[in-house]
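See structure below.
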Amino acid sequence: MHLDDRQLRDKLAKAGSDMPHVDLWPHLHQEAAAIADVAQQRRRGAGFSPFTATRLLAPAFALLLVLAASLTSLQGHEQRITGNTPALTTNQGDASAERAAAYNRRMAVGEARALQLSASQGSSPSDSASASGHLTDLDAARLAARDLRRELGFRPVAAQPLVRARPGPQTE
Amino acid sequence: MGAYARLVYLYQDIALRTAYLMTNDRQAAEDIAQNAFLNTLRSIHRFDVARPFRPWFLTILTNEARMFLRRQRRTVAEALDASLPDDDAPMLARLIEADERARIRAALADLDEPYRTAAVLYYYNDLSVDEVAQVTNCRPGTVKSRLFTARARLRDALALGQPLPSPASNTREEWMALGDAPG
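Protein sequence lines, in the order shown, are assigned to chains A and B. To convert, note that position 144 of the first sequence is 144 in our numbering; the numbers rise steadily by one, no gaps. To convert, note that position 179 of the second sequence is 351 in our numbering; the numbers rise steadily by one, no gaps.
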């Protein structure tokens, strides 16, 4: 008996069709709600509180102070040996200020882009679907999974569009 | 929980039927599908929305099914389906159809778990070889080899029970010829 791939697919589809439709949601929704509550509490609990920030940053700040003090002491020592002042010119000071300003501008642009991205991801699935005019089951599942992540408070990770645009009807 | 309900409604039939084909046990299929959906919710933070959801979900589902099979070790194949469709088809024809479906599931159940999983994912869920490899955490070459073996074993198993002639269209001579050699 020869069985090609298509026949095997048909046979498995037939064999699987004996499983009757069962609505799982009534069995799932209570436990799912409990799991979602726990996930959200964990998310809130894992926040970065000012107390945590102080506790983590204090040693680093202390180390920075020690380093600065050592550097000042070394510079004083060098001045005593050579009689020269450290080579910090006004021009170099301006250049570093300019670099800092440029960095701040880049950060501002990046934040604006991130805000734009999160705003676009905040649009409802129906908006995205209607924009493309087509939504397959596979896309619907990805959208639902993305929405679920957002509902539970996990940050979005995808930057590319979730729905593939289908070419519209050709016009003369 | 609106998004989660959407996911459940989109995938519950796929989950139930895939689990049923892997276990040949309806009650187990329901339990496996439910656990898979709960585990999906627990680990949704690990889902990369840039990738397709179906292989990711089927990974969770097949892991659940594998754990069940490990506990069970051996499933009992159903001989005949108890709930036959209520239509106008002759009783014998319906029994033959149900028997054929049961034979396919029994043939699947006789396959070792890795071969069965590969066959169900590839032939029933229409995953590509690469996706099956991703779901089962092995190389595409291994998947191809498993599919080759699974197809050969299924072919052998299903060839043992050739379909009987249709009771509606066959004459007495055709039925007799099944048992009698021509004289």
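Backbone N, C-alpha and C fix where the C-beta goes; we use that ideal spot for every residue, glycine too. Just so we're clear, the structure is a prediction, and the values are computed from it rather than from any experiment.
On the premise that residue j lies in contact with residue i, defined as a C-beta separation below 8 Å, what is that separation, rounded to the nearest angstrom?
| i | j | result |
| --- | --- | --- |
| A208 (chain B) | A175 (chain B) | 17 Å between Cβ atoms; not a contact. |
| R142 (chain A) | F225 (chain B) | 5 Å |
| A145 (chain A) | I216 (chain B) | 7 Å |
| L12 (chain A) | Y295 (chain B) | 5 Å |
| R6 (chain A) | G153 (chain A) | In fact, because the Cβ distance is near 45 Å, the residues do not count as touching under 8 Å. |
| A279 (chain B) | L330 (chain B) | 6 Å |
| L326 (chain B) | L8 (chain A) | 7 Å |
Taking residue i as the reference, which of the options has the closest Cα?
| i | options | result |
| --- | --- | --- |
| E285 (chain B) | B:A324, B:R238, B:A270 and B:N196 | B:R238 |
| I35 (chain A) | B:I204, B:A205, B:T212 and B:D203 | B:T212 |
| Y287 (chain B) | B:R275, B:T308, B:S300 and B:A270 | B:T308 |
| D203 (chain B) | A:A13, A:D23, A:D4 and A:P59 | A:D23 |
| R223 (chain B) | A:A33, A:G153, A:A140 and A:E151 | A:A140 |
| L14 (chain A) | B:R214, B:E269, B:T321 and B:A265 | Reading off the sequence, residue 14 (chain A) comes out as Lys, not Leu. Out of B:R214, B:E269, B:T321 and B:A265, B:E269 has the C-alpha closest to the C-alpha of K14 (chain A). |
| L283 (chain B) | B:Y181, B:R189, B:T195 and B:L182 | B:T195 |
| S317 (chain B) | B:D298, B:L330 and B:T289 | B:T289 |
| T190 (chain B) | B:A291, B:L210, B:A274 and B:T321 | B:A291 |
| E236 (chain B) | B:D220, B:L267, B:R218 and B:A201 | B:A201 |
| G16 (chain A) | B:Y181, B:D197 and B:V180 | B:D197 |
| D298 (chain B) | B:G313, B:C310, B:L319 and B:D220 | B:L319 |
| P26 (chain A) | B:P262, B:D185, B:R218 and B:A177 | B:A177 |
| I276 (chain B) | B:V180, B:R323 and B:D185 | B:R323 |
Are the C-beta of residue i and some C-beta of chain A separated by less than 8 Å?
| i | result |
| --- | --- |
| V301 (chain B) | no |
| E202 (chain B) | yes |
| I232 (chain B) | no |
| Q184 (chain B) | yes |
| R327 (chain B) | yes |
| I268 (chain B) | no |
| A290 (chain B) | no |
| V180 (chain B) | yes |
| L241 (chain B) | no |
| A237 (chain B) | no |
| A265 (chain B) | no |
| Y295 (chain B) | yes |
| A249 (chain B) | Annotation note: pLDDT 47 at A249 (chain B) (below 50); position unreliable, no value reported. |
Counting only C-beta atoms, is residue i closer than 8 Å to chain B at any point?
| i | result |
| --- | --- |
| L63 (chain A) | no |
| V22 (chain A) | yes |
| R192 (chain A) | The structure shown does not extend to residue 192 (chain A), since chain A is modelled only from 1 to 172, so the question has no answer here. |
| D219 (chain A) | Residue numbering for chain A in the displayed model covers 1 to 172; residue 219 (chain A) lies beyond these limits and cannot be assessed. |
For the ligand COA, is there any heavy atom lying closer than 7 Å to the beta carbon of residue i?
| i | result |
| --- | --- |
| Q199 (chain B) | Inclusion of the ligand COA in the displayed structure is not the case, the ligand content being empty and no account of it being possible. |
Uninterrupted beta strand (DSSP E) stretches inside the region 224-309 of chain B (no shorter than 3 residues): none
Within 7 Å of chain A by C-beta, residues of the region 208-226 of chain B in sequence order: F209, L210, L213, R214, I216, H217, F219, D220, V221, A222, P224, F225 and R226
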